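Taken in order, these protein sequences are the chains called A and B. Under our numbering, the first sequence has 461 at position 461, and the numbering climbs by one with no breaks. Under our numbering, the second sequence has 1105 at position 105, and the numbering climbs by one with no breaks. Glycine included, C-beta positions come from ideal geometry on N, C-alpha and C. This one's a predicted model, so the numbers in the text were calculated from it and none came from an experiment. Reading through the structure tokens given below for one structure.
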Amino acid sequence: MNSTSDKSHFSLFDSSLENLFDMAESMDKEGASTILSELASEHQRYWISNKIAEGGSKKVVKVKDSATNRHVAMAVLKDNESEEAIEEFLREARLTAFLQHPNIMPVYDIGVNSINQPYFTMKLIKGGFNLATLIRSAHKFDEYKTLSARLEIFLKICDGVAFAHSRGIIHLDLKPENIQLDDFGQVLVCDWGLARFIKGFDTEKLTGTDKIHSMDFLNITVKGVVQGTPGFMAPEQASTKKTEKNERTDIYSLGALLYYLLSFKSPLKSGKISQMLSDTLNGNTIPLKKWQKRMQIPDPLIKVCQKAMRLSPDKRYDSVVQLQKEVRAYMDGYATSAEHAGFVTQFSLFYLRNKLIFNLIVFSFLAIISVVGVSIKQMKDSEQKALKSEQEALLSLKKLRLERIEKKEIGVIASEKLCSEAITAYYGYNYRVAYEKLNKSLQLNPENGRTLFYLGWLSITAQKFDEARTYFRLSLENGYSGKNTSMRSDKFMPVIDELEPLINPKTRRIDEKVLNEYISKLPKNKYVVLIKHLLYRHRNDLLDIK
Amino acid sequence: MMKEIQTRKTLLERVKDPHDDLSWDEFYNYYKDYVFIIVVNMGVDEHSAKDLVQEIFVKAWKALPDFDYSSSKGRFRSWISTITKNSVRTKFRDNSRRPQTDELEDNFFSDNKAIDEIVEVEWKKFVASKALENIKDEFSEKNLSAFIELMNGTDIKKVSQKYELQESTLYVYRTRIQKRLCREIKRLNYELN
């Protein structure tokens, strides 16, 4: 027998097992508050997971913050830098932390780690990318293909920068790589490493806590070196001469960013740094017009870009807010001041931004005209109709008369048809049906000889000889003479005369015996398969007919 | 978790029924290691210890129905350890011809406190290792091994290199396994004590 811990290939030291047991016991005492115990027991707050980016003097790594239980981005210095560099690094952290705005990268924490390395943590954008990668692969992002989507981004960048300016801070390194975005419309201005406090900024404008914080950045001396990124840096940054930088320096960079968003190109031809710097100094940028056709860049925005990127700072926009207003004006369909718009431009813009109302008015006008037109036409039409109807009334009167005549004819035809049906029924021994149809036929045409003839026949069958005589007589009078001699009405008269006396006065009927006797004496070839048929079959069916 | 345990009979309550063979098997399997460790710790050689454990369990089986189990903590543990202690003493007395046992008896059994400490410490180790045994299938071998190394005090950087796991990942697993293990320890301690 062996101990459990030896048997298992997982073997904990005895002391560790005891520790675990004690830990479980203490868990019992602390109750369910595991987050509290976690916070109390955890010594190392950040756990490095992987590197995100590296640039300049610092690198950014993704770390797990065990206290908040989320991933954040941590910036640390690359090497053991000089004290000056460490101060710069921490100053950037403080400055960024100072700028709390939805479009500026938020700083969560600043500190020094166990090996005396300074760090600061920032928001980690999940699935984030910077503006440069976005534009390089813009064809993959349908949502950024449209100009308005890209202008939205630009306006958000302006929001962030305008806020910083309001706190007396200029960024001085605005470029696509320093704009972080995500899939949900978040736009963050990052990397405030070159940011400076605006010289001569009226700190009185800042209130309370803002003022105290801003004091940290007051004593920063600008080094006599070129700092910034060619293409996006302002001419005053490209010179080694110490020149004053202010909000307009950022406005130049914003203009370059707008250029980039419109054309997907950097404003400068890439080449040697020295060449690019001199191009910047001389305002030797690629005219935006060059890309106008391919990228369908609207004229007003080209002018806005040009004004923002003027060589002389004084000729640029006074403030980011002004620049923003111009872009918004374009988006809302107003003329930008950079356009120096004439009446036609103004009017066409007026039309464009009020397109809906304009179209509505035109549409309503057309609608009214067409309604009036239609009703006039309708009035004329009804006048003509009245005339027409008079004529029609006369016509229909004529028709009515004709119809009456027709109706009579129809009666005759129907009567004939009913008679034929009655005959069919008669030969099928359906005497009652035949009788009814013949009566109807007679109603429709009292002069129908054929109907009268068959009614006569039927009367003989019913042994109503008087009626039979009348029908036959009427039939003859109406010109019915039958198709062959066997069908002539007068032919049956003698038969009627012979049969009538045979009626038994008591029963008012001819006895069966007497009838059979009479029929057997009749010459068969002459009459009368027919009479036989009449007298014998289903006679009783008809005897009740009145 | 605790509520669930309280509403059903613990292993000890079940094992008091002499006809419940399944519970007895479970009981034996759980406690034999603990008793064995105490016996060995008291100075019995491994070979005789095996037999002695059997004897102790026969005694326990006979005595269990009369054992007044109440939920007061550690009641059962002291009961089974008393049986164990007495059995070991008896064994040593039987073999008292051997001088080294006399020596042991003098040094060891006179010190009841020392034995109780062993009983206590061994209990902790016993429950914790049982718990680890119980939960090990819930985690990957790699993570568990890394966890054990961390618990044993190996530097996190070394563990990270050895298992090719990020430090942050290690931290996450350590917390997770630790939590699970503590829960199991609590459960077992309640169930077996």
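Quick one: is residue i buried, meaning 16 or more other Cβ sit within 10 Å of its Cβ, or exposed?
i	result
A/I157	buried
A/S415	buried
A/P446	exposed
A/V372	exposed
A/S382	exposed
A/V362	exposed
A/R167	buried
A/K289	exposed
B/R1008	Confidence is the limiting factor: at B/R1008 the pLDDT is only 46, short of 50, which leaves the residue's position unreliable and the question unanswerable from this model.
A/N354	exposed
A/V112	exposed
A/E244	exposed
A/F343	exposed
A/A468	buried
B/D1106	Reliability fails at B/D1106, whose pLDDT of 49 lies under 50, so the model's placement of it is uncertain and the value that follows must be treated cautiously. Result: exposed.
A/Y351	exposed
A/D159	buried
B/E1117	exposed
Between the options, which lies nearest to residue i when the distance is taken from Cα to Cα?
i	options	result
B/S1204	B/L1052, B/F1092, B/Y1034 and B/S1048	Since the displayed chain B opens at 1001 and closes at 1193, residue 1204 of chain B lies outside it and no answer follows.
A/N563	B/Y1163, B/R1176 and B/I1148	Nothing can be reported for residue 563 of chain A, as the shown portion of chain A is limited to 1 through 546.
A/T470	A/V371, A/G456 and A/I376	A/G456
A/C190	A/Q180, A/F154 and A/R136	A/Q180
A/Y197	A/K245, A/G231 and A/I169	Note that residue 197 of chain A is Phe in the sequence shown, not Tyr. Nearest of A/K245, A/G231 and A/I169 to A/F197, Cα basis: A/I169.
B/W1123	B/P1065, B/D1045 and B/S1081	B/S1081
A/D65	B/Y1171, B/L1052 and B/R1183	B/Y1171
A/R473	A/I496, A/T461 and A/A462	A/I496
A/N246	A/I286, A/D183, A/S266 and A/V320	A/V320
B/A1131	B/E1055, B/Q1178 and B/M1042	B/Q1178
A/L36	A/T68, A/E54 and A/T285	A/T68
A/K269	A/G231, A/Q292 and A/Q296	A/G231
A/Q44	B/P1065, B/I1156 and B/V1040	B/I1156
A/I503	A/K58, A/F492, A/I460 and A/Q346	A/I460
Give the DSSP-derived three-state secondary structure of residue i in the structure shown.
i	result
A/A308	helix
B/K1050	helix
A/N504	strand
A/A234	coil
A/E436	helix
A/K62	strand
A/A195	coil
A/N448	coil
A/R248	helix
A/M122	strand
A/V72	strand
A/G111	strand
A/R45	coil
A/N130	strand
B/E1164	coil
A/N478	coil
A/L77	strand
A/R316	coil
Is residue j closer than 8 Å to residue i when the C-beta atoms are compared?
i	j	result
A/G449	A/N430	no
A/L12	B/N1134	no
A/Y252	A/A308	yes
A/A425	A/L458	no
A/P313	A/T280	no
A/L99	A/F163	yes
A/V63	A/Y108	no
A/L452	A/Y480	yes
A/L301	A/L262	yes
A/T250	A/L188	A small fix is needed here, since residue 250 of chain A is Asp in this sequence, not Thr. Going by C-beta atoms, A/D250 is not nearer than 8 Å to A/L188.
A/I510	A/L522	no
B/F1126	B/I1056	no
A/I548	A/L95	A query on residue 548 of chain A cannot be resolved here, the shown segment of chain A reaching from 1 to 546 and no further.
B/V1053	B/K1091	no
A/A132	A/F264	no
A/L151	A/V327	yes
A/Y119	A/A75	yes
Looking at residue i and the ligand PLP, is the gap between the Cβ and the nearest heavy atom below 7 Å?
i	result
A/I170	You won't find the ligand PLP in this model; it holds no ligand whatsoever.
- Note down, in chain order, all residues in the segment 115-128 of chain A with a beta-carbon under 7 Å from any beta-carbon belonging to chain B. Of all residues in the segment 115-128 of chain A, none comes within less than 7 Å of chain B when Cβ atoms are compared.
- Query: Which residues, taken in chain order from the segment 1126-1158 of chain B, show a beta carbon closer than 7 Å to some beta carbon of chain A?
  - Reply: If the cut-off is 7 Å between Cβ atoms, the segment 1126-1158 of chain B has V1127, A1128, S1129, K1130, L1132, E1133, K1136, L1144, S1145, I1148, M1151 and N1152 near chain A.
- Item | Chain-ordered residues of the segment 1157-1179 of chain B with a beta carbon less than 9 Å from chain E | Structure shown: chain E not included; protein chains present are A and B.
- For the segment 303-329 of chain A, which residues have a CB atom closer than 8 Å to at least one CB atom of chain B, in sequence order? Residues passing the 8 Å Cβ filter: none.
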